[in-house]
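The structure appears right after this line, and notes come after that.
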Amino acid sequence: MEVATLTVQNRDAKGTNNVRRLRDTGKIPLILYGGGRESVCLQADYPAVKRHLAHHLRVYKLDLAGVEEPGFLQNVQWDCLTDEPLHMDFQRIDMSVPLKIDIELVLLGHPKGMAQGGRVVRDTRHLHLACLPDRVPEQVELRIGHMECGEKILAKEIELPEGCTLDMPEDQLILHMTDPTESSEAQDLGQSLPTPSIPHETE
13 MEVATLTVQN RDAKGTNNVR RLRDTGKIPL ILYGGGRESV CLQADYPAVK
63 RHLAHHLRVY KLDLAGVEEP GFLQNVQWDC LTDEPLHMDF QRIDMSVPLK
113 IDIELVLLGH PKGMAQGGRV VRDTRHLHLA CLPDRVPEQV ELRIGHMECG
163 EKILAKEIEL PEGCTLDMPE DQLILHMTDP TESSEAQDLG QSLPTPSIPH
213 ETE
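So for the sequence shown, the numbering used here puts the first residue at 13; every next one is plus one.
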């Protein structure tokens, strides 16, 4: 993943009204925290923030008066009406230390088993990975066109981007294809079982 550089300035404006006026001047409020140090209130130019967010970037070098500090974008607060960014939270990071992060798993292809009546069941939608900050992928793609009914995919079977390792059990079930034959047999079995009789109590 690309590491973006975002120019920031110290922010004196705090509180709802002051922050609202800050946004009116074309600035977005930020906070940088973590790393065993005090939190710092910052601000950045709105156009620069929008440009970086459009590329879904999460690893930044925050440039404060020529001094760069790496930060990971933990959260963006959005306006529910305009869908514009209102506030950004950054966590201090060490570029040489892997991050533990959840990455979206994107499925590609049309499984063969669907032609036999099977369906894909996603047991998880994200992978828990450990990645160096400059190797954090936007997503992980998984091709499932080969899957037949009754087959499954475990975490250890997924090809991960370079620089990423699993931070979850290797045998964790990621997704599986249902087997319509088994479902039909179970249904037939249920229909063939006699209805249990419940004895009536006698007074």
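Virtual Cβ for every residue (Gly too), placed ideally from N, Cα, C. Being a predicted model, the structure only gives us computed values, none of them experimental.
Quick one: residues in its chain with C-beta nearer than 8 Å to the C-beta of residue i, no 5 flanking neighbours on either side, listed in chain order?
{"i": "Lys124", "result": "Gly157, His158, Met159, Glu160"}
{"i": "Gln151", "result": "Ile115, Glu116, Leu117, Val118"}
{"i": "Thr37", "result": "none"}
Would you mind stating whether residue i and residue j have Cβ atoms separated by less than 8 Å?
{"i": "Cys176", "j": "Leu141", "result": "yes"}
{"i": "Phe84", "j": "Leu111", "result": "yes"}
{"i": "Tyr58", "j": "Lys73", "result": "no"}
{"i": "Asp19", "j": "Ala56", "result": "Reading off the sequence, residue 19 comes out as Thr, not Asp. The answer is yes: Cβ separation under 8 Å."}
{"i": "Ile113", "j": "Val148", "result": "yes"}
{"i": "Asp75", "j": "Thr17", "result": "yes"}
{"i": "Glu14", "j": "Leu98", "result": "no"}
For residue i, which residues in the same chain have their Cβ closer than 6 Å to its Cβ, ignoring the five residues on either side in sequence?
{"i": "Glu153", "result": "Val118, Leu120"}
{"i": "Val31", "result": "Ala25, Pro41"}
{"i": "Arg35", "result": "none"}
{"i": "Gln184", "result": "Ala167"}
{"i": "Ile165", "result": "Ile186, Leu187"}
{"i": "Asp95", "result": "none"}
Residue i bridges to which residues according to DSSP?
{"i": "Met126", "result": "In DSSP, Met126 forms no bridge with anything."}
{"i": "Pro97", "result": "Trp90"}
{"i": "Arg137", "result": "In DSSP, Arg137 forms no bridge with anything."}
{"i": "Pro82", "result": "Lys73"}
{"i": "Ala142", "result": "Lys112, Thr177"}
{"i": "Lys39", "result": "Asp57"}
{"i": "Lys164", "result": "His188"}
{"i": "Thr19", "result": "Asp75"}
Which residues in the same chain as residue i place their Cβ atom closer than 7 Å to its Cβ, once the five residues preceding and following it in sequence are excluded?
{"i": "Lys26", "result": "Cys53"}
{"i": "Asp101", "result": "Ile43, Gln86, Asn87"}
{"i": "Gly162", "result": "Met189, Asp191"}
{"i": "Asp91", "result": "Leu98"}
{"i": "His222", "result": "In the structure as shown, the chain begins at 13 and stops at 215. Residue 222 is therefore absent and cannot be evaluated."}
{"i": "Arg155", "result": "Leu120, Gly121"}
Just confirm the distance between the C-beta atoms of residue i and residue j, as a whole number of angstroms; I'd bet it's less than 8 Å.
{"i": "Gly46", "j": "Gln103", "result": "4 Å"}
{"i": "Pro82", "j": "Pro145", "result": "7 Å"}
Any 3 or more C-beta pairs closer than 8 Å across the stretch 132-139 and the stretch 180-192: A contact is defined here as three or more CB-CB pairs under 8 Å, and the stretch 132-139 meets this definition with respect to the stretch 180-192.
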